[in-house]
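Asks: Dropping the structure in here first, questions after.
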Amino acid sequence: MIQTRKDFLKKAVIWGASGFAVSSLLSEEPPKKGETRKAKFCIIGAGLSGLYAAYKLQKQGHKVVLIEARKEAGGRIQTYFDEKSGFIGELGGEFIDKSHTLIQKLCTELGLELEKHRWQEFYSVGKEFLPFAENYLTKETTEIIKRLEDLYSGMNQKQLEGLDKISLYNYLKYQGIKGRDLLLVELKLRTLFGESITGISAARGLPRLLLWKGGQDYQFKIKGGSSQLVQKLEKEVGNENILKSESVVAIWQNNRGVEIITSTGKKIQASKCICTIPAHFLDKINWSPELPKDLKFAALQINYSRQSKVVSVMEDVIWLTEGFSLISTSSLNWMYILQEDVLQKKGLLTIVNSGDTSELFYNLSPKKAKKIIEFSASEYDIFKANKVSTFASRCWQYEPYIKGACSIYSPAAFSAREALRTAFRRVFFAGEHLGDDTGSMNSAIQSVDKILPSL
-7 MIQTRKDFLK KAVIWGASGF AVSSLLSEEP PKKGETRKAK FCIIGAGLSG
43 LYAAYKLQKQ GHKVVLIEAR KEAGGRIQTY FDEKSGFIGE LGGEFIDKSH
93 TLIQKLCTEL GLELEKHRWQ EFYSVGKEFL PFAENYLTKE TTEIIKRLED
143 LYSGMNQKQL EGLDKISLYN YLKYQGIKGR DLLLVELKLR TLFGESITGI
193 SAARGLPRLL LWKGGQDYQF KIKGGSSQLV QKLEKEVGNE NILKSESVVA
243 IWQNNRGVEI ITSTGKKIQA SKCICTIPAH FLDKINWSPE LPKDLKFAAL
293 QINYSRQSKV VSVMEDVIWL TEGFSLISTS SLNWMYILQE DVLQKKGLLT
343 IVNSGDTSEL FYNLSPKKAK KIIEFSASEY DIFKANKVST FASRCWQYEP
393 YIKGACSIYS PAAFSAREAL RTAFRRVFFA GEHLGDDTGS MNSAIQSVDK
443 ILPSL
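Our numbering numbers the first residue of the sequence shown as -7 and each following residue consecutively.
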């Protein structure tokens, strides 16, 4: 039960008067209820950012304690293993772009193999079916995007702040992209952001559009599943240094250190703290001193997308094209098959739904969900499937202590990220929402690299 702020402040006065010494030693066993653990650094959140921060700090010789509210570490990385078929699917973080060099370097450092993948991309707009071609966007739109690339590269801070005041959708319309081309750009970027670009800041969304440029290129995946990365980092950090099923209810600071209180009464005393939880959970914590208003406001400006992923093993499959990706205006926004067994006529189908359609499978029974997938799969000419044998899904806006797929910045929220990149006394902030390429695993670790020199 969370105590009132008055109760916390009374205890904070006593704690502040007595102070505490930060030990350089950690106990080998997790503390019992009510016990106190001491470390150089306390990290809140054992998602990718938190695990990576602990890993880097331990390599520097520091003692760390990680606190995770969920039963398992990994946050928005969750791999699905189908024992019968041997297929591996991702319910969370999956793809690594060529430009995501930090996550590539980390995988190499941890001995993880990256698999290169390139697929055939298709679009379905109403009754129009568009096989991928380099010129599927008109020449006029391609020239506009090229012009925007040159324009964006020369923008100063004031110009970027001006660009932030409008949505990416309206900005592209203003620049002359229209009709079917604007719809295709919207469909593609919706798969990246998890929401329509009508609600995305032009300053935040334009770089992602320019990275894509309408081209078909390869990406990487972690061999054996993205959860391999989580498991490797957990092993490096040590389970004895990770407290799971412990949510943080209070953070107290003075000039000697910081104390973190969990929902079960455990206390962690540290020299400094790194908070990697999603921004919308910061106001659920009792802070002493109180969290500054500018940080509270910044946290409120960061939204999280509604997005779900479904993985299903399809049987009796006939492929008319292998390794496809289909982005459409239908209720199934994005479908792709990465793993196939042509001899057994099986394939692993992944479905990503964003925004208003993200809850399509949330309240359905597995039987009804399978029927929808089977019916939808029969509508297209790229493959035919008669049966869904296994099915798993994750609707990220309903996941406890996560409540959203990836961070998105609405128009006029330009200053929010910079505000949260600033430490609050002894508490530093990191997480996917504070990296440069939000919505990616690369952004999660990049946010940590940005604060490490200041610790």
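Think of the CB as a built atom: it goes at the ideal place given N, C-alpha and C, for glycine as much as any other residue.
I want to see whether chain B comes within less than 8 Å of Gly85, judged by CB atoms only; does it?
Replies: No chain B is part of this structure, which consists of one protein chain only.
Asks: Look up Ala45 in the DSSP assignment and say whether it is helix, strand or coil.
Replies: In the sequence shown, counting from the first residue as 1, residue 45 sits at position 53. Here Ala45 sits in helix by DSSP.
Asks: If you drop the 5 nearest sequence neighbours on each side, which residues of the same chain put their C-beta closer than 8 Å to that of Pro284?
Replies: As a working mapping, residue 284 is identified with position 292 in the sequence shown. For Pro284, where only same-chain residues beyond five positions count, the Cβ hits under 8 Å are Phe416.
Asks: Is Glu391 a contact residue of the ligand GTP, with contact defined as CB to any heavy atom under 7 Å?
Replies: No copy of the ligand GTP occurs in the structure displayed, which carries no ligand at all.
Asks: Could you tell me which uninterrupted alpha helix (DSSP H) segments, each at least 4 residues in length, are contained entirely in the stretch 168 to 234, listed from first to last along the chain?
Replies: With a minimum length of 4 residues, the continuous alpha helix (DSSP H) runs that stay inside the stretch 168 to 234 are 171 to 185, 194 to 204, 219 to 229.
Asks: Report the start-end ranges of each alpha helix (DSSP H) in the stretch 266 to 310 that is 4 residues or longer and not cut off at the edges.
Replies: Those alpha helix (DSSP H) runs which fall completely within the stretch 266 to 310 and span 4+ residues are 285 to 293.
Asks: Does DSSP put Ile260 in a helix, in a strand, or in coil?
Replies: Your numbering for residue 260 matches position 268 in the sequence shown. Strand, per DSSP.
Asks: Going by DSSP in three states, Cys387 sits in which element: helix, strand or coil?
Replies: Here residue 387 corresponds to residue number 395 of the sequence shown, with the count starting at 1. It is a strand residue.
Asks: For Lys165, which residues from the same chain have a beta carbon less than 8 Å from its beta carbon, with the 5 sequence-adjacent residues on both sides left out?
Replies: Within the sequence shown, residue 165 is the residue found at index 173, counting from 1. So the list reads Leu174, once near-sequence residues are dropped.
Asks: May I have the straight-line CA-CA distance separating Gly216 from Gln70, to the nearest angstrom?
Replies: Within the sequence shown, the letter at position 224 stands for residue 216. Within the sequence shown, the letter at position 78 stands for residue 70. Roughly 12 Å separates the two Cα atoms.
Asks: With distances taken from CA atoms, which of Tyr354, Asp348, Ile400, Pro445 is nearest Ala384?
Replies: By 1-based counting over the sequence shown, the position of residue 384 is 392. Of the listed residues, the one whose Cα sits closest to Ala384 is Tyr354.
Asks: Would you mind giving the Cβ-Cβ distance between Asp156 and Ala404, rounded to the nearest angstrom? I have them listed as a contact below 8 Å.
Replies: Taking the first residue of the sequence shown as position 1, residue 156 is located at position 164. Taking the first residue of the sequence shown as position 1, residue 404 is located at position 412. Right, the Cβ-Cβ distance comes to about 6 Å (below 8 Å), so this counts as a contact.
Asks: Taking the CB atoms as reference points, tell me whether Tyr72 and Gly78 lie closer together than 8 Å.
Replies: In the sequence shown, counting from the first residue as 1, residue 72 sits at position 80. In the sequence shown, counting from the first residue as 1, residue 78 sits at position 86. Against a cut-off of 8 Å, the Cβ pair of Gly78 and Tyr72 comes out as no contact.
Asks: I'd like the ranges of any alpha helix (DSSP H) spanning at least 4 consecutive residues and lying wholly in the stretch 326 to 406.
Replies: Those alpha helix (DSSP H) runs which fall completely within the stretch 326 to 406 and span 4+ residues are 358 to 369.
Asks: Just reading off the beta strand (DSSP E) that Thr28 is part of, what are its end residues?
Replies: In the sequence shown, the residue the question calls residue 28 occupies position 36. Per DSSP, Thr28 belongs to the beta strand (DSSP E) from 28 to 36.
Asks: Please classify Gly42 as buried or exposed, where buried requires at least 16 other C-beta atoms within 10 Å of its C-beta.
Replies: By one-based count along the sequence shown, residue 42 stands at place 50. By the neighbour-count rule (16 or more Cβ atoms within 10 Å), Gly42 is buried.
Asks: Determine whether the beta carbon atoms of Phe449 and Phe114 lie at a separation below 8 Å.
Replies: Outside the shown range of the chain (-7 to 447) lies residue 449, about which nothing can therefore be said.
Asks: Which stretch, first to last residue, makes up the alpha helix (DSSP H) that contains Ala415?
Replies: Here residue 415 refers to the residue found at position 423 of the sequence shown. Where Ala415 is concerned, there is no enclosing alpha helix (DSSP H), given that its DSSP letter is neither H nor E.
Asks: Counting Cβ pairs, one atom from each stretch, are 3 or more of them under 8 Å apart for the stretch 291 to 311 and the stretch 323 to 337?
Replies: Touching, per the Cβ criterion.
Asks: Using the Cβ count rule (16 or more neighbours within 10 Å means buried), how would you classify Asp429?
Replies: Position 437 of the sequence shown holds residue 429. Buried: at least 16 other Cβ atoms inside 10 Å.
Asks: Jot down the residue ranges of each uninterrupted beta strand (DSSP E) in the stretch 53 to 82, minimum 3 residues, whole runs only, in chain order.
Replies: DSSP runs (the beta strand (DSSP E)) wholly in the stretch 53 to 82: 56 to 59, 71 to 73, 80 to 82.
Asks: For Val116, list the residues DSSP reports as bridge partners.
Replies: Counting from one through the sequence shown, the residue named residue 116 turns up at place 124. Reading the sequence as shown, one finds Ser at residue 116 and not Val. Looking at the DSSP assignment, Ser116 forms a beta bridge with Phe121, Ser320.
Asks: Verify whether the separation of the beta carbon atoms of Ala262 and Phe420 is less than 8 Å.
Replies: The sequence position of residue 262 within the sequence shown is 270, counting from 1. The sequence position of residue 420 within the sequence shown is 428, counting from 1. No.
Asks: So is Glu20 buried or exposed if we call it buried at 16+ other beta carbons inside 10 Å?
Replies: Looking up residue 20 in the sequence shown gives position 28. Summary for Glu20: the model assigns pLDDT 36, below 50, so the residue's position carries little reliability; its value from the coordinates is reported in the next sentence. By the 10 Å Cβ count, Glu20 comes out exposed.
Asks: Can you tell me whether Leu335 is buried or exposed? The criterion is at least 16 other CB atoms within 10 Å of its CB, across all chains shown.
Replies: Reading the sequence shown from its first residue, position 343 is the one you call residue 335. Under this definition Leu335 is an exposed residue.
Asks: Just reading off the alpha helix (DSSP H) that Ile443 is part of, what are its end residues?
Replies: Locating residue 443 in the sequence shown gives position 451, where the first residue counts as 1. It spans 433 to 443 - the alpha helix (DSSP H) in which Ile443 sits, taken as one unbroken run.
Asks: Going by DSSP, which residues form a beta bridge with Gly249?
Replies: Reading the sequence shown from its first residue, position 257 is the one you call residue 249. Bridge partners of Gly249: Asn246.
Asks: Excluding the 5 residues preceding and the 5 following Glu238 in the sequence, name in chain order all residues of the same chain whose CB lies nearer than 8 Å to its CB.
Replies: Here residue 238 corresponds to residue number 246 of the sequence shown, with the count starting at 1. Around Glu238: Ile59, Glu60, Ala61, Thr254, Ser255, Thr256, Lys258.
Asks: Quick one: is Glu27 buried, meaning 16 or more other Cβ sit within 10 Å of its Cβ, or exposed?
Replies: Stepping through the sequence shown from its first residue, residue 27 is reached at position 35. When all chains shown are included, Glu27 counts as exposed.
Asks: Going by DSSP in three states, Ile6 sits in which element: helix, strand or coil?
Replies: The residue labelled residue 6 in the question sits at position 14 within the sequence shown. Confidence at Ile6 is low in this model, with a pLDDT of 36, below 50, so the placement of that residue is unreliable and no value is reported for it.
Asks: Rounded to whole angstroms, what is the Cα-Cα separation between Ala194 and Gln438?
Replies: Stepping through the sequence shown from its first residue, residue 194 is reached at position 202. Stepping through the sequence shown from its first residue, residue 438 is reached at position 446. Distance between the alpha carbons of Ala194 and Gln438 is about 22 Å.
Asks: Going by DSSP in three states, Leu18 sits in which element: helix, strand or coil?
Replies: Taking the sequence shown and counting its residues from 1, the one referred to as residue 18 is at position 26. For Leu18, the predicted structure reports a pLDDT of 32, less than 50, and the residue's modelled location is therefore unreliable. A value from the coordinates is still provided. Here Leu18 sits in coil by DSSP.
Asks: Taking buried to mean at least 16 other C-beta atoms within 10 Å of its own C-beta, is Gly67 buried or exposed?
Replies: To locate residue 67, count along the sequence shown from 1; it is residue 75. Buried, because 16 or more other Cβ atoms sit within 10 Å of the Cβ of Gly67.
Asks: Please name the residue, chosen from Ala397, Glu366, Trp204, Ile88, that lies closest to Asn295 on a Cα-to-Cα basis.
Replies: In the sequence shown, the residue the question calls residue 295 occupies position 303. Checked all of Ala397, Glu366, Trp204, Ile88; the closest Cα to Asn295 is Ala397.
Asks: Check this for me: beta carbons of Asn378 and His92, under 8 Å apart or not?
Replies: What you label residue 378 is simply residue 386 of the sequence shown in a count that begins at 1. What you label residue 92 is simply residue 100 of the sequence shown in a count that begins at 1. No, these two residues do not count as a Cβ contact at 8 Å.
Asks: Three-state secondary structure (DSSP) at Ser145?
Replies: If you number the sequence shown from 1, residue 145 lands on position 153. Helix.
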